[in-house]
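Structure, as structure tokens:
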Ligand code: CMP
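In the working numbering, the protein residues as written are 478 to 631.
In structure tokens:
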């Protein structure tokens, strides 16, 4: 099983979309294995967005992401990273596919409600920046017998 680190960004919380977002992932059949509300600081952000450090929008991105609380989550499933990014939609909300979270609820490129890991390496880095080992829960969920075939579960 693969893990993805997801943030509901400050705009997602302000717009009352935490429940909607979690419900979509649950209905998809993904498993929630970590969850916390927190306010990000500049130090975490510099590491989190190290690949964007030299981009012209970095300062605004840092200000936006540290301005208000976020909700951080770890979700688990088969090919979870790609599945999660499909559910989120492309970065620019106004171009995101209808039916995706950004496609249904976002217009902006920066205020785009949600972050989801883009690779296994990013997921590992992001999870370790926010979660301690004992804040991630490995547990059985019987519904997975119906979400996946036996072959996919192995
Ligand atoms: P995210 O998927 O979290 O990864 C980097 C974030 O930077 C992205 O979502 C957007 O919120 C933001 N971003 C990316 N490109 C731009 C841009 N051109 N202008 C402003 N913000 C951007």
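For every residue, glycine included, the Cβ atom is placed at its ideal position computed from N, Cα and C.
Just so it is clear, the structure is predicted and the values come from calculations on it, not from any experiment.
C-alpha distance - residue i paired with residue j, whole-angstrom precision
i, j, result
"residue 531", "residue 512", "30 angstroms"
"residue 481", "residue 588", "20 angstroms"
"residue 615", "residue 609", "13 angstroms"
"residue 565", "residue 502", "10 angstroms"
"residue 519", "residue 560", "29 angstroms"
"residue 576", "residue 485", "18 angstroms"
"residue 524", "residue 514", "19 angstroms"
"residue 461", "residue 572", "Nothing can be reported for residue 461: it is not among the residues displayed for the chain, which extend from 478 to 631."
"residue 548", "residue 627", "33 angstroms"
"residue 591", "residue 483", "7 angstroms"
"residue 496", "residue 504", "12 angstroms"
"residue 624", "residue 498", "19 angstroms"
"residue 611", "residue 602", "16 angstroms"
"residue 500", "residue 527", "31 angstroms"
"residue 618", "residue 568", "31 angstroms"
Residues near residue i by beta carbon distance below 8 angstroms, same chain, minus five either side
i, result
"residue 597", "479 and 558"
"residue 620", "506"
"residue 546", "487, 490, 514, 515 and 516"
"residue 529", "535 and 538"
"residue 570", "579, 580, 582, 583, 584, 585, 586, 588, 589 and 590"
Buried versus exposed call for residue i [16 or more other C-beta atoms within 10 Å across all chains shown]
i, result
"residue 550", "buried"
"residue 600", "buried"
"residue 553", "buried"
"residue 491", "exposed"
"residue 605", "exposed"
"residue 494", "buried"
"residue 622", "exposed"
"residue 488", "buried"
"residue 508", "buried"
Sequence-distant residues of its chain with Cβ nearer than 6 angstroms to residue i (five each side left out)
i, result
"residue 562", "593"
Spatial neighbours of residue i in its chain, beta-carbon cut-off 7 angstroms, leaving aside the 5 residues before and after
i, result
"residue 522", "539, 542 and 543"
"residue 556", "479"
Requested in this report: Decide if the region 573-583 is in contact with the region 526-542; the criterion is three or more beta carbon pairs, one per stretch, under 8 angstroms apart.
Outcome: no
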